[in-house]
Every structure is written in structure tokens, then in C-alpha cells.
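Notes to accompany the following structure.
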Amino acid sequence: MPLAEPSTARTRLHTRRVVYEVFRRDDDLFDLEGHLTDIKDHDYALLTGVRRAGDPVHDMWARVTIGRDYIVRSVEVRINGMPYPDACDRIEPAYPKLVGASLLHGFRKTLYDTMGGVRGCSHVTELLVHAPTAAIQMFAGLRREIEKGEDKPFQLDRCHALETTTDTVRKYYPQWYRGAA
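Going by my numbering, the sequence shown runs without a break in its numbering and finishes at 190.
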């Protein structure tokens, strides 16, 4: 169900899209490809010139290659649309500094420590914040829906709906239910 109808007339001014697609490679690694665009619905005056309505102010791509261990094997960044040509895109070669980072353990801290502020592009760094979630969702789709193993399913206690004190866990994961809080 979408949001409720707005209570007043309005005009869209801006659209930001962030999309991730995940691919299994023939070498048993996985590519997480993120794409971020910012598009204005009106002509937009920049110091570098006017960006016409519908033309992206930002058009940025990132590919993070990982193994089943969630460790970053490679990072590629392309900045195709930017407000400052020949300046914003100069940072592309810096992002492979993330090779070796774990998407499961401290990735966001590593990302901001390594590429935050003037060490990176704020938009590319923001795009990469979503890489761990894309990886977790991808691997969840590769697992059986209900794991009968002895290990607690990875998704439990990672959000309010799957806290092990909830009725949802009691119903779908009874062996992991620990009673009402």
C-alpha cells in the first residue's frame, strides 16, 4: 500500500534514486552494483553551467566484489554525472582502499574513516553505505527459507519484528523464542 494521498497539491522538484543489483559471478564471487542519481524537474543553475530538467546532477556507480565471507575483494567507482566535471571524478581511484574490509563487521565505520569527508565523494560514500544490506539480502535469498541447523538464523534480533521476544519469532521460529520482554 502506498502512502496516503497528500493533503494539498504539490509539485515534484527532485528525485534521488539508489538502486542495487547483485550478481553471482562464474568464479563464485559476487558483484554488488549500486547506482545513485539525483535529477531535478526544473533547469538548475550551477556555477559550472545550467543542468537541464531531467539531466542528472549526480550519476554515480559503484561495484563492490565480495566472497561468501563478505570480505571486499575489489571496488570500482564511476562518476558519470557531477556538478564539477574534472574535479568530482578525480576521487574514483581512491575507493579501492576499501579492499579487505568486511561488509559484516564495521564496514560503515571503515567506510567513513577511509572515505568520509574530503577523503572521498559524499554521494559515492553514501551509496556504498547500502552495500552490506544488499549483500545480506542476496545471501538470504541463497539460503533455505527455514534453516533447521543449530545456529540461530542470522536475521533474528536484527530488527524490531524479529526480536526473539516477539510473537513473530514465536510463530515462525519457535525454537528461538525467548518469551515476552
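Quick reminder that beta carbons are idealized off the backbone N, C-alpha and C, glycines included.
Please state whether DSSP places residue i in a helix, a strand or coil.
{"i": "residue 57", "result": "coil"}
{"i": "residue 154", "result": "The pLDDT assigned to residue 154 is 46, lower than 50, so where the model puts this residue is not dependable; a value taken from the coordinates is nonetheless given after this. Correct three-state label for residue 154: coil."}
{"i": "residue 29", "result": "strand"}
{"i": "residue 68", "result": "strand"}
Give the range of the alpha helix (DSSP H) segment to which residue i is assigned.
{"i": "residue 176", "result": "176 to 181"}
Could you name the residues that DSSP lists as bridge partners for residue i?
{"i": "residue 39", "result": "33 and 75"}
{"i": "residue 169", "result": "Beta-bridge pairing links residue 169 to no other residue."}
{"i": "residue 23", "result": "49"}
What is the residue span of the beta strand (DSSP E) that residue i lies within?
{"i": "residue 83", "result": "81 to 90"}
**Asked** Would you call the region 33 to 43 and the region 58 to 72 in contact, with 3 or more CB pairs under 8 Å?
**Response** Result yes; three or more Cβ-Cβ pairs closer than 8 Å.
**Message:** Give the list of continuous alpha helix (DSSP H) stretches no shorter than 4 residues that lie fully inside the region 109 to 151.
**Reply:** Taken in chain order, the complete alpha helix (DSSP H) segments of 4 residues or longer contained in the region 109 to 151 are 116 to 124, 131 to 137 and 140 to 151.
**Asked** Between the region 56 to 69 and the region 169 to 186, do at least 3 Cβ pairs fall closer than 8 Å?
**Response** Touching, no.
**Asked** Does the region 10 to 26 come close enough to the region 111 to 121 to have 3 or more Cβ pairs within less than 8 Å?
**Response** In this structure the region 10 to 26 does not lie against the region 111 to 121, because fewer than three pairs of beta carbons, one per stretch, are closer than 8 Å.
**Asked** For the 8 Å Cβ check, are there 3 or more pairs between the region 90 to 97 and the region 25 to 39?
**Response** With the rule of 3 Cβ pairs closer than 8 Å, the region 90 to 97 does not count as touching the region 25 to 39.
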